[in-house]
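Asker: Chains as they are written, first to last, in the numbering used here: chain B, 2 to 295; chain P, 10 to 167.
In this text, a Cβ means the ideal position worked out from N, Cα and C, and glycines have one as well.
The structure displayed is predicted, hence computed values, not measured ones.
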Amino acid sequence: MANSRQQQLSTKAQRRAAQRSEEMRKQQAAARRRTRLLVAGGVILVIVVVVGVLVAVGLNSSSSKSPSSTAASTDVISSVTGVPQSTFDKIGAGDIKARPSTISSTPLTQNGKPRVLYAGAEYCPYCAAERWAMVAALSRFGTFKDLGQTQSSGTDVYPNTATLSFHGASYTSKYLAFTGLELQDTNGKTLDTPSPADGKLISKYDAQQYTGAQSGGIPFVLMGGKFVISGASYDPAVLKGLSHQQIAQQLSDPSSDVAKAVLGTANVITSDLCQLTKNQPAKVCSSPGVVAAK
Amino acid sequence: MSDVTAAVRRTAAPRWSLVSALVLCVVGLGISIYLAIEHATAGTSLACPATGRIDCVKVTTSSYSEIFGIPVAYLGVAYFVVATALAFLALSSTAGSLALARVVVAVAGILFVLYLVWAELFRIHAICLWCTGVHVVTFLVFAVTVLGEALRDPDAVD
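#1: Just the chain B side, please: which residues come within less than 9 Å of Phe-131 of chain P by C-beta, in chain order?
#2: Using C-beta distances below 8 Å, list every residue in its chain close to Lys-66 of chain B, excluding the 5 sequence neighbours before and after it, in chain order.
#3: Note down, in chain order, each residue of its chain lying with its Cβ closer than 6 Å to the Cβ of Leu-38 of chain P, except the 5 sequence neighbours on either side.
#4: Just how far apart, CA to CA, sit Val-263 of chain B and Ala-283 of chain B?
#5: Any residues in the segment 40–55 of chain B with a beta carbon nearer than 9 Å to a beta carbon of chain P? Which ones, in chain order?
#6: If we cut at 7 Å on Cβ distances, does Gly-1 of chain B have a partner in chain P?
#7: For Val-150 of chain P, name the three-state secondary structure that DSSP assigns.
#8: Should Tyr-127 of chain B be labelled buried (16 or more other beta-carbon atoms within 10 Å of its own) or exposed?
#9: Can you tell me the Cα-Cα spacing of Ala-104 of chain P and Gly-142 of chain P, whole angstroms?
#10: Which residues bound the alpha helix (DSSP H) around Gly-290 of chain B?
#11: Does chain P have any CB closer than 7 Å to the CB of Gln-281 of chain B?
#12: Straight-line CA distance for Ala-233 of chain B to Ala-87 of chain P?
#13: Mind reading off the beta-carbon distance from Glu-183 of chain B to Leu-177 of chain B? Whole number of angstroms is fine, and I expect it under 8 Å.
#14: Please confirm whether Ala-129 of chain B and Thr-162 of chain B have their CB atoms less than 7 Å apart.
#15: If I'm right that Gln-150 of chain B touches Val-77 of chain B with Cβ under 8 Å, what's the distance once you round it to whole angstroms?
#16: Given that Ser-102 of chain B touches chain P, what residues does it touch there, using C-beta distances under 8 Å?
#17: Below 7 Å between beta carbons: does that hold for Leu-156 of chain P and Ala-31 of chain B?
#18: Compute the distance between the beta-carbons of Lys-91 of chain B and Pro-255 of chain B, then report whether it is under 7 Å.
#19: In whole angstroms, what is the alpha-carbon distance linking Ser-29 of chain P and Ser-204 of chain B?
#20: According to the neighbour-count rule (16 or more other Cβ atoms, all chains shown, within 10 Å of its Cβ), is Thr-14 of chain P buried or exposed?
#21: So what's Gln-86 of chain B in DSSP terms, helix, strand or just coil?
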């Protein structure tokens, strides 16, 4: 009987010891789990902080060392705005890659004249290419003042493409009205803000259903509500490595790739503009180069 | 003989972390496949987006879009294929080696994401929203994986 009593006591003690051991094990496991959670949480927090710092510093850093827009040199302006008719005529449609698209829309006019609305940005290399052709074409209908010159972004495709800028420029013509909006400078900072009406036009017509290209692309040009351009009309590579002066000089050589691309595009744009102006001025609209570019 | 025996339990990371990781991996895989297709069929558009800094094409066609000649988009698909497979296996297996593999893959993913974010912000100077989506998913996969493993019972025996 005494042995039985002793056995019972021994079993109870063993159970209590086992229970204490189990509780201690659970507490140790919980402590280890808390430590692991702290480490995991700390690592996640460090990553969040690192990414936050990267984003904060990165978004505020300058994206390009390209110079900001300056007034265009008179030599360059003279060359691009005063291309001889004979040069245009020798080129015809030249090396244009993408013609303006024809759309059906409410006519876009200003003061009784067909209106051309351009939206681009100074950082944009495709805008850089298109502006040469646009200035050459529009100069056949009117006169630009205070055109700027700049370079496209140094970190984008076709880096540092020499170009003109419509920011701060004005255009006078008895045939056409023109608005040139450079939405951002080379570094991506806001330049021109479209009016609410122009913003609606850009939002509506800079769409794939009208342009056939990606929606919201620049350069975007809406001509009289009848034609749209989205993107560069020729390969910006022809301007690679050329200065403003070199581009302007090559415009006078109809055999150069620059002239074929820029002036060919200008002829095509001119032929569309002539449809808006009812073929005025007649000397331009009936010229062989414009007729060939139709 | 004691009737309180040492319990041999099979435990895993919490179910919510395993399911979340799997769902996130599938989402990441979907976005990666889209980016891979976009890379393979690189557009010939001669236009810039009007938003400047947000430019997926610029990011996905930059020199940083390839590592040792392999498009990052394809590496992303490979990463999420592996991560998805591991996440799926983890639903039915508590193997320690599997857990270790999941953590290693998650860590590798987040380190690569940090490199890509640096490249976007300091070298390419443009952000791709789709790429950012993949980065966010990768981070969330990392977070739920390490938190889930942190909550695993350390005394579990397979």
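Answerer: Well, looking at it:
#1: To locate residue 131 of chain P, count along the second sequence from 1; it is residue 122. Ordered by position in chain B, the residues that pass the 9 Å Cβ test against Phe-131 of chain P are Leu-55, Val-58, Gly-59, Ser-62.
#2: On the first sequence, position 65 is the one that residue 66 of chain B refers to. With a pLDDT of only 36 at Lys-66 of chain B, under 50, the local geometry of the prediction cannot be trusted, and no value is derived from it.
#3: Within the second sequence, the letter at position 29 stands for residue 38 of chain P. Excluding residues within five positions, the ones whose Cβ falls inside 6 Å are Phe-89, Thr-93.
#4: In the first sequence, residue 263 of chain B corresponds to position 262, counting from 1. In the first sequence, residue 283 of chain B corresponds to position 282, counting from 1. Roughly 22 Å separates the two Cα atoms.
#5: Val-40, Ala-41, Gly-42, Val-44, Ile-45, Ile-48, Val-49, Val-51, Val-52, Leu-55
#6: A query on residue 1 of chain B cannot be resolved here, the shown segment of chain B reaching from 2 to 295 and no further.
#7: On the second sequence, position 141 is the one that residue 150 of chain P refers to. Helix.
#8: Reading the first sequence from its first residue, position 126 is the one you call residue 127 of chain B. By the 10 Å Cβ count, Tyr-127 of chain B comes out buried.
#9: One-based indexing of the second sequence puts residue 104 of chain P at position 95. One-based indexing of the second sequence puts residue 142 of chain P at position 133. One C-alpha to the other measures close to 31 Å.
#10: Translated into the one-based positions of the first sequence, residue 290 of chain B becomes position 289. Element bounds for Gly-290 of chain B: 289–294.
#11: Here residue 281 of chain B is taken as the residue at index 280 of the first sequence, counted from 1. No, its Cβ sits nowhere closer than 7 Å to a Cβ of chain P.
#12: Working through the first sequence from its first residue, we reach residue 233 of chain B at position 232. Working through the second sequence from its first residue, we reach residue 87 of chain P at position 78. If you take the alpha carbons of Ala-233 of chain B and Ala-87 of chain P, they lie about 36 Å apart.
#13: Within the first sequence, residue 183 of chain B is the residue found at index 182, counting from 1. Within the first sequence, residue 177 of chain B is the residue found at index 176, counting from 1. Between Leu-177 of chain B and Glu-183 of chain B the Cβ distance is about 19 Å, and since that is not below 8 Å, they are no contact.
#14: Against the first sequence, residue 129 of chain B aligns to sequence position 128. Against the first sequence, residue 162 of chain B aligns to sequence position 161. Against a cut-off of 7 Å, the Cβ pair of Thr-162 of chain B and Ala-129 of chain B comes out as a contact.
#15: Indexing the first sequence from 1 puts residue 150 of chain B at position 149. Indexing the first sequence from 1 puts residue 77 of chain B at position 76. Correct: roughly 6 Å between the Cβ atoms.
#16: Taking the first sequence and counting its residues from 1, one reaches residue 102 of chain B at position 101. What Ser-102 of chain B touches in chain P: nothing, since even the nearest Cβ is about 13 Å away.
#17: Along the second sequence, read from residue 1 onward, the residue named residue 156 of chain P stands at position 147. Along the first sequence, read from residue 1 onward, the residue named residue 31 of chain B stands at position 30. No; because the gap between Cβ atoms is not below 7 Å, this pair is not in contact.
#18: Looking up residue 91 of chain B in the first sequence gives position 90. Looking up residue 255 of chain B in the first sequence gives position 254. Yes, they are a contact pair.
#19: Counted from its first residue, the second sequence places residue 29 of chain P at position 20. Counted from its first residue, the first sequence places residue 204 of chain B at position 203. Each residue's Cα considered, the two are about 39 Å apart.
#20: One-based indexing of the second sequence puts residue 14 of chain P at position 5. Reliability fails at Thr-14 of chain P, whose pLDDT of 37 lies under 50, so the model's placement of it is uncertain and the value that follows must be treated cautiously. With fewer than 16 other Cβ atoms within 10 Å, it is exposed.
#21: The sequence position of residue 86 of chain B within the first sequence is 85, counting from 1. DSSP, read as helix, strand or coil, puts Gln-86 of chain B in helix.
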